[in-house]
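Working notes, beginning with the structure itself.
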């Protein structure tokens, strides 16, 4: 008898793929915020770029929660732990972003970057695991 291997569903592939694409858009919106915005904000278009960045972060958090629920439903421990770690990294990035925009201390942007790259690693790993 061969060992049956549990395979992740296509829904996990789609959720993690969309989240990875949203993380790319979030990264470019963050770069645009870094290059084009001057703090404190004085122009409407600067606020629009920052709003795009925050909106993408909220969409990423939504898809991370959906990915965690799907991983729990599938019962694959590796994907579940990666999804849980993804939520933690998104929380770290959100805390760093809120601290940065609240205090304008540039050191908090490193916390945002740490959370971003951790979330990118976790969502990409879930995507490749479910292929």
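Numbering (the numbering used here), first residue to last: 24 to 154. Glycine included, every Cβ here is placed at the ideal spot set by N, Cα and C. The structure presented is a predicted model; accordingly, all values stated were derived computationally and were not measured.
Inter-residue spacing [alpha-carbon to alpha-carbon] between residue 76 and residue 108: 22 angstroms
Whose C-beta lies closer than 8 angstroms to the C-beta of residue 122 among residues of the same chain, with five residues either side of it excluded? 128, 131, 134
Taking 8 angstroms as the threshold, find out whether the stretch 50-57 comes into contact with the stretch 92-104 through three or more Cβ pairs. no
So residue 90 and residue 35 are in contact, right, with Cβ under 8 angstroms, and what is the actual spacing, rounded? 7 angstroms
State buried or exposed for residue 87, treating a residue as buried only when at least 16 other CB atoms are found within 10 Å of its CB. Buried: at least 16 other Cβ atoms inside 10 Å.
Rounded to a whole number of angstroms, what is the C-alpha to C-alpha distance between residue 105 and residue 47? So the alpha carbons of these two residues sit roughly 19 angstroms apart.
Return the CA-CA distance between residue 110 and residue 144, expressed in angstroms with no decimal places. 12 angstroms
At which residue ranges does the stretch 55-132 contain complete beta strand (DSSP E) runs of 3 or more residues, listed in the order of the chain? none
Candidates 117, 124, 125, 126, of which the one nearest residue 140 by Cα: Of the listed residues, the one whose Cα sits closest to residue 140 is 117.
Proximal residues to residue 137 (C-beta, below 7 angstroms), its chain only, five neighbours per side dropped: Once the five neighbours on either side are set aside, the close Cβ partners of residue 137 are 115.
Please state whether DSSP places residue 154 in a helix, a strand or coil. For residue 154, the three-state secondary structure derived from DSSP is coil.
Helix, strand or coil for residue 39? Go by DSSP, reduced to three states. Assignment of residue 39 by DSSP, reduced to helix, strand and coil, places it in the helix class.
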